[in-house]
Amino acid sequence: MSKRTMTLNLTDAEMRALEDLSMRKDLSKTAVLRQALRLYQMLDARVEKGDKLVFENEATQDKAELMLL
Amino acid sequence: MTFATAPTFLRDLTTDDVVPAELVYGIGVNHIMDWHNAWQPALGALKAALHEQGVPKSEWPQTGHWNWAAKVVEDELLAFRTFSITAEGMTQALMRVDLTKTARLEGVSGKPLVYVDYLEVAPWNQSFAGTQKKYRGAGPILLAAAVELSFEEGFKGRIGLHSLPQAEPYYEKEGMIDLGPDAQVQNLRYYEMTSDVAQTLLAQE
Numbered sequence: 001m002s003k004r005t006m007t008l009n010l011t012d013a014e015m016r017a018l019e020d021l022s023m024r025k026d027l028s029k030t031a032v033l034r035q036a037l038r039l040y041q042m043l044d045a046r047v048e049k050g051d052k053l054v055f056e057n058e059a060t061q062d063k064a065e066l067m068l069l
Numbered sequence: 001m002t003f004a005t006a007p008t009f010l011r012d013l014t015t016d017d018v019v020p021a022e023l024v025y026g027i028g029v030n031h032i033m034d035w036h037n038a039w040q041p042a043l044g045a046l047k048a049a050l051h052e053q054g055v056p057k058s059e060w061p062q063t064g065h066w067n068w069a070a071k072v073v074e075d076e077l078l079a080f081r082t083f084s085i086t087a088e089g090m091t092q093a094l095m096r097v098d099l100t101k102t103a104r105l106e107g108v109s110g111k112p113l114v115y116v117d118y119l120e121v122a123p124w125n126q127s128f129a130g131t132q133k134k135y136r137g138a139g140p141i142l143l144a145a146a147v148e149l150s151f152e153e154g155f156k157g158r159i160g161l162h163s164l165p166q167a168e169p170y171y172e173k174e175g176m177i178d179l180g181p182d183a184q185v186q187n188l189r190y191y192e193m194t195s196d197v198a199q200t201l202l203a204q205e
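Read top to bottom, the protein sequences are chains Z and L.
Take the first sequence: its letter number 22 is residue 22 in UniProt numbering, and every next letter is one higher.
Take the second sequence: its letter number 98 is residue 98 in UniProt numbering, and every next letter is one higher.
Below is the structure:
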């Protein structure tokens, strides 16, 4: 699959978050961003369809709905 | 739409010949037409034969209710990839994978993997009592394609799937680790392949 290259400007905090995810998820920074794009696109498509995005903690029984803007 | 392809081979068990096949990186209208016009009647005939032989329903094909036309609807999303295998002008197997799931195995828990959502070979390529399977090799080619994708995406070869009961021995033979029944997914057993096993599998291809 052909790939295209772009320059990404990030703040220090954003770069730290990217590096942290890269380390914890055992992924390159590019792979983290591609994964983020996949997830964002899928969530956006589901929310556009009318689905709700809900986080649930089985231990505490807490439920929270996430609003995608 | 035209998809990328890679040459591969299947073994014709009726002649013991190796026949050229294609791994297609996508599921197109032609594959869906094959599923509808050839797989469905073949499945009906297979079920009728199994019924006639008195084979219990628990031993009948377990993927017969899968609707591939509906499964490719989300194809345009980056989260999903589809694959098919064709040989002698006919679709021989189909697979859809999800790239948004994470591993459950201790040590890699929370790290991304390629999750095999659906993998089905044509009814004439499945083994059932009293029937002669046509082609061998389509399932392993698709499983290897999932592993290859996992390496390409930087997921280190990790793959996961929920297995239908009939397919459990196959995934165990491929070295996948059984993490037990999953109450969230109809109590199907959940399996994962480690990076090491994935590397070995690709080396054997």
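Idealized CB from N, CA, C, for every residue including glycine.
Going straight from the alpha carbon of ALA103 of chain L to that of GLY160 of chain L, what length do you get?
Here residue 103 of chain L refers to the residue found at position 103 of the second sequence. Here residue 160 of chain L refers to the residue found at position 160 of the second sequence. In a straight line, the C-alpha of ALA103 of chain L is about 7 angstroms away from that of GLY160 of chain L.
Residues that ALA79 of chain L contacts on chain Z, provided the C-beta gap is smaller than 8 angstroms:
Here residue 79 of chain L refers to the residue found at position 79 of the second sequence. In chain order: ARG38, LEU39, GLN41, MET42.
What are the start and end residues of the alpha helix (DSSP H) that includes TYR171 of chain L?
Here the question's residue 171 of chain L lines up with position 171 in the second sequence. DSSP places TYR171 of chain L inside the alpha helix (DSSP H), whose first and last residues are 168–173.
For GLU56 of chain Z, three-class secondary structure by DSSP
Here residue 56 of chain Z refers to the residue found at position 56 when the first sequence is read from its first residue. GLU56 of chain Z carries a strand assignment under DSSP once its states are collapsed to helix, strand and coil.
Measure from the alpha carbon of SER163 of chain L to the alpha carbon of each residue in L:LEU149, L:ILE141, L:ARG189, L:ALA183, then state which is nearest.
Reading the second sequence from its first residue, position 163 is the one you call residue 163 of chain L. Of the listed residues, the one whose Cα sits closest to SER163 of chain L is L:ARG189.
From PRO41 of chain L to ALA87 of chain L, what does the alpha carbon distance come to, in whole angstroms?
Numbered from its first residue, the second sequence carries residue 41 of chain L at position 41. Numbered from its first residue, the second sequence carries residue 87 of chain L at position 87. Taking the straight line joining both Cα atoms gives about 19 angstroms.
Starting from PRO20 of chain L, trace the beta strand (DSSP E) in both directions and tell me its first and last residue.
Position 20 of the second sequence, counted from the first residue, corresponds to residue 20 of chain L. Membership of PRO20 of chain L in the beta strand (DSSP E) is indicated by the continuous run 17–24.
In chain order, what residues of the same chain have a beta carbon less than 7 angstroms from the beta carbon of ASP12 of chain Z, not counting five sequence neighbours either side?
For the purposes of this step, residue 12 of chain Z is taken as residue 12 along the first sequence, with counting starting at 1. Closer than 7 angstroms at the Cβ level, and outside the excluded window around ASP12 of chain Z, lies no residue.
Residues near GLU148 of chain L in its chain [Cβ-Cβ closer than 8 angstroms; skip 5 each side]:
The count along the second sequence starts at 1 and reaches residue 148 of chain L at position 148. The residues are LEU202.
Residue nearest to GLN184 of chain L in terms of C-alpha spacing, selected from Z:GLU58, Z:MET67, Z:SER28, Z:LEU66
Position 184 of the second sequence, counted from the start, is the residue given in the question as residue 184 of chain L. Of the listed residues, the one whose Cα sits closest to GLN184 of chain L is Z:GLU58.
Given the structure, does ALA138 of chain L come close to the ligand MN, in the sense that its CB is under 6 angstroms from one of the ligand's heavy atoms?
The ligand MN is not among the ligands present in this structure, which contains no ligands whatsoever.
Going along the chain, which residues of the stretch 137–154 of chain L sit with their C-beta nearer than 9 angstroms to a C-beta in chain Z?
GLU152, GLU153, GLY154
Using the DSSP secondary-structure output, state which residues sit across from PHE9 of chain L in a beta bridge.
Translated into positions along the second sequence, residue 9 of chain L becomes position 9. L:PRO20, per the DSSP bridge assignment.
Closest to PRO112 of chain L by CA distance: which of L:LEU50, L:ALA122, L:TYR118, L:THR100 is it?
Taking the second sequence and counting its residues from 1, one reaches residue 112 of chain L at position 112. The candidate whose alpha carbon is nearest that of PRO112 of chain L is L:THR100.
Quick one: which chain L residues come within Cβ less than 7 angstroms of ALA45 of chain Z?
One-based indexing of the first sequence puts residue 45 of chain Z at position 45. Correct list: LEU77.
Using a C-beta cutoff of 7 angstroms, does LEU179 of chain L count as contacting chain Z?
By 1-based counting over the second sequence, the position of residue 179 of chain L is 179. Judged by the 7 angstroms Cβ criterion, LEU179 of chain L is not in contact with chain Z.
Compute the Euclidean distance between the alpha carbons of GLN41 of chain Z and THR131 of chain L, then round it to the nearest angstrom.
As a working note, residue 41 of chain Z is residue 41 in the first sequence. As a working note, residue 131 of chain L is residue 131 in the second sequence. Going by the C-alpha atoms only, they are around 44 angstroms apart.
Who are the Cβ neighbours of PHE80 of chain L in its own chain at under 8 angstroms, not counting the five residues just before and after it?
Start at 1 with the first residue of the second sequence, and residue 80 of chain L comes out as number 80. Once the five neighbours on either side are set aside, the close Cβ partners of PHE80 of chain L are GLU74, ARG96, VAL97, ASP98, LEU99, ASP117.
Provide the residue(s) that pair with ALA87 of chain L in DSSP beta bridges, ordered along the chain.
As a first step, residue 87 of chain L must be located in the second sequence, where it is residue number 87. DSSP, once it has assigned bridges, lists L:MET90 as partnering ALA87 of chain L.
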